[in-house]
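Data block below; observations after.
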Amino acid sequence: MTILSEHFEDAMPDLNAIARQLRFDIISLSHAARAAHIGSCLSCADILAAAYNGGLNISPETAASPSRDRLVFSKGHCAAALFCALAQRGFFSREKLFAAFNKNGGLQEHPNLGAMHGVENASGSLGHGLSLGLGMALASRIEGVPFRVCVIMGDGECNEGSVWEAAMLAGAQKTANLCAVVDANRWQATGRSNEITALEPLADKWRAFGWQAVELDGHDPDTLKAALQEVGTGTRPLAIVARTIKGKGISFMEDDNNWHYRIPNEAEMNLVREELGLS
Amino acid sequence: MRNAFAAELLTLAEENERVVLLSGDMGNNLFNAFKKRFPDRFINCGAAEANMTGIAAGMALAGLLPITYSIASFNPGRCAEQVRIDICLQNLPVIVVGVGAGFSYASLGPTHHSLEDIAWMRSLPNMTVICPGDAVETRCALRAALHHGGPAYLRLGKKNEPIVHATPPEFVLGKGISLSEGQDACLLSVGTLLPLAVEAAQILSSQGIATEVVSLHTVKPLDTALLQRIFATKKVVAVLEEHVPSGGAWSAVAEWLSMQHPTTAKARLVRCGAKDVFYTQGGNAAWAQQLSGLTVSDVCSTIASAAT
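Residue numbers (my numbering), protein chains in the order written: chain A, 1 to 279; chain B, 280 to 587.
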């Protein structure tokens, strides 16, 4: 851990407050830029808040350090959430983000490598991130530069066969510095994840491939942070099945899959401000 | 070619500790020396090319120089999207090696024929496509691809192909190697057809059709200076390739030619290559080449009739 993350641990940041602000930024950004995927962004807000605020060794100051931890964002359709989390963590200003994400501002709705300071990889086609993360974890071992890799992915994303190719190899290679956080919000674009494919029991699937697996409340950032801090202490890669709710935090969005593609109007934005107590 | 690849890889790994080899359950004994010398820098990713490609990209993002190795029909094919996004979009220094390209594994059937891979790889921005003509060029090509520092597809045959170059030629990515002179015709040979091209050119020249042979080892980027020269001076330019018509080297040359306005081209462009079919009957590489007009006599008659 760097001095910076120790500082954060000492300061005991209010992760719930950070996540609440993150939710507000995500929705505001989506509203302003007419960008979709709010529901999926909100389900991973607490995971991102935990990862970027003490869960992982990531900071703007160490963004070029070979020994920094890597957050591989695999569910690329939720780029708005990633960008907001990076802005909140100080990688760039909120104003710069809004300017870039608005129409014709240069930023797209899926992240590219180097699109914004702190973005580690391109994503947008599902099922790529775990392989990338595994490659980074293996590179850490080969080069003898210790760092940890956290891949944030969706449960719908687990439809992709490449996810399980990576899971099998990571199990065989015992890449203990690798962690997969599945944002298990039980929805994918067109229906319930567990009905479209036989996804459950999800944690058991990871265990069967040689991983450690834990299931926890994906909206409890302190528990998520503690789980991330454990990555690398065992002998096997760690899967965190984060049980989440799509659209979490906004009553009329929660568990309503219409918010996979819907964008809030002005009246709905007022309700969002009211519910989050932010403006 | 694959033995030359393995030998050169070992040398390069000695020179650069960032070189890593990933194999898709291939090269059982081929890489024994590499595995023994660098056990930590060899990962057998199993029969899972998509994951192997993503891993290579992740390693490159972390500063390594990975090389992925599998059969040509699988390595760029099975993982086309990973090559496109993970490697090419992120413009990473990963070498994708396809072994057994073209008709090299003809007897294994159409699943193992690799007659579309140039088209797949050539269509990707940032990708360099390299098809060495013999084992000597293979060594040069691997070295050049590694120093190139960006995405590269290295298209190899199998083993025991005839050696054409007695000594290592000057090998520059994007520059064809001219092996002989001749004012009438030019054979642009792609990959393992180089020995056939050399033999055909000798016969044509003895018949009064002076024929230049070029190893067009880099299909992307094309050697446009060379194309300018040969199309302005010859009567016939032929592309020889074990690839379907769509999107291969002939297609690349034809695309370039169609963009020349005003044109200085004097030469007629012809093609000797695989047909637009799946080759489903039994047979070896020689048989498949025969079906495709890729024999010395067929090439000679194609050039002779086009030159007159």
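Every residue, glycine too, gets a C-beta built ideally from N, C-alpha and C.
By the neighbour-count criterion, in which a residue is buried when 16 or more other Cβ atoms sit within 10 angstroms of its Cβ, Tyr261 (chain A) is exposed. Going by beta carbons, Leu22 (chain A) and Gln88 (chain A) fall inside the 7 Å limit. With contacts defined as CB atoms closer than 7 Å, Ile366 (chain B) and Val373 (chain B) qualify as a contacting pair. By the Cβ rule, the stretch 391-401 of chain B does not count as touching the stretch 443-457 of chain B, because fewer than three pairs are nearer than 8 Å.
Among the residues facing chain B, Ser251 (chain A) is not included, as its CB has no counterpart in that chain under 7 Å away.
The three-state reading of DSSP puts Pro345 (chain B) in strand, counting E and B together.
In the pairwise beta carbon analysis, the stretch 203-218 of chain A is classified as touching the stretch 237-257 of chain A: at least three pairs are separated by under 8 Å.
With contact defined as three or more Cβ pairs closer than 8 Å, the stretch 29-41 of chain A and the stretch 96-113 of chain A are in contact.
Fully enclosed beta strand (DSSP E) runs of no fewer than 3 residues occupy 70-73 of the stretch 15-81 of chain A, in order along the chain.
Look at Asp502 (chain B) here: in three-state DSSP terms it is coil, with no helix or strand label. When the Cα atoms are used, Ser67 (chain A) and Leu134 (chain A) turn out to be separated by approximately 16 Å. Look at Trp211 (chain A) here: in three-state DSSP terms it is coil, with no helix or strand label. Using beta-carbon distances, Gly333 (chain B) counts as an interface residue toward chain A, with a partner under 7 Å. If you ignore the 5 residues before and after Glu200 (chain A), its C-beta comes within less than 7 Å of the C-beta of Asn194, all in its own chain and listed in chain order. By the Cβ-count criterion, Gly306 (chain B) is buried, with 16 or more other Cβ atoms from all chains shown falling within 10 Å of its own Cβ. Checking the DSSP bridge columns, you'll see Ser393 (chain B) partnered with B:Gly381.
Scanning the stretch 106-164 of chain A for uninterrupted beta strand (DSSP E) segments of 3 residues or longer gives 149-154, listed from N- to C-terminal end. Taking 3 residues as the shortest admissible run, the stretch 291-373 of chain B contains the following complete beta strand (DSSP E) segments, listed from N- to C-terminal end: 298-302, 321-323 and 344-350. Proximity of chain A to Glu294 (chain B) at the Cβ level (cut-off 8 Å) is not reached, the minimal Cβ distance being about 16 Å.
Taking the Cα of Pro441 (chain B) as reference, the smallest distance to any Cα among B:Ile409, B:Ala476 and B:Thr512 is reached at B:Ala476. For Met153 (chain A), the number of other beta carbons within 10 angstroms of its own is at least 16, and it is reported as buried. Per DSSP, reduced to three states, the secondary structure at Cys410 (chain B) is coil, with no helix or strand assignment.
The Cβ atoms of Val516 (chain B) and Ile509 (chain B) sit closer than 7 Å to each other. Within the stretch 310-338 of chain B, the residues whose Cβ lies closer than 7 Å to some Cβ of chain A are Asp319, Arg320, Ile322, Cys324, Gly325, Ala327, Ala329, Asn330, Gly333, Ile334, Ala335, Ala336, Gly337 and Met338, listed in chain order. Within chain A, the C-beta atoms nearer than 7 Å to that of Asp365 (chain B) come from His128 and Leu132, in chain order. Excluding sequence positions up to five before and after Met331 (chain B), its CB lies within less than 6 Å of the CB of Leu301, Gly303, Cys324 and Thr347, all in the same chain and listed in chain order. Residue pairing by DSSP places Glu534 (chain B) opposite no residue, since no beta bridge is assigned to it. For the stretch 133-145 of chain A, residues whose beta-carbon sits nearer than 9 Å to a beta-carbon of chain B comprise Gly133, Leu134, Gly135, Met136, Ala137, Leu138, Ala139, Ser140, Arg141, Ile142, Glu143 and Val145. According to the DSSP assignment, Val182 (chain A) belongs to no alpha helix (DSSP H) but to the beta strand (DSSP E) extending over Leu178 to Ala184. Residues of the stretch 95-121 of chain A that bring their beta carbon within less than 8 Å of a beta carbon in chain B comprise Asn112, Leu113, Glu120 and Asn121, in sequence order. With contacts defined by Cβ atoms closer than 7 Å, Gly377 (chain B) and Arg434 (chain B) form a contacting pair.
Interface flag for Glu275 (chain A) against chain B is unset, since no Cβ pair is found closer than 7 Å. Taking the Cα of Lys545 (chain B) as reference, the smallest distance to any Cα among B:Tyr558, B:Ala464, B:Ala564 and B:Val498 is reached at B:Ala464.
Judged by pairs of C-beta atoms under 8 Å, the stretch 521-538 of chain B does not touch the stretch 478-487 of chain B, as fewer than three such pairs exist. Spatial neighbours of Ala312 (chain B) in its own chain (CB-CB distance under 6 Å, excluding positions within 5 residues in sequence) are listed in chain order as Leu289. Judged by pairs of C-beta atoms under 8 Å, the stretch 166-178 of chain A does not touch the stretch 255-271 of chain A, as fewer than three such pairs exist.
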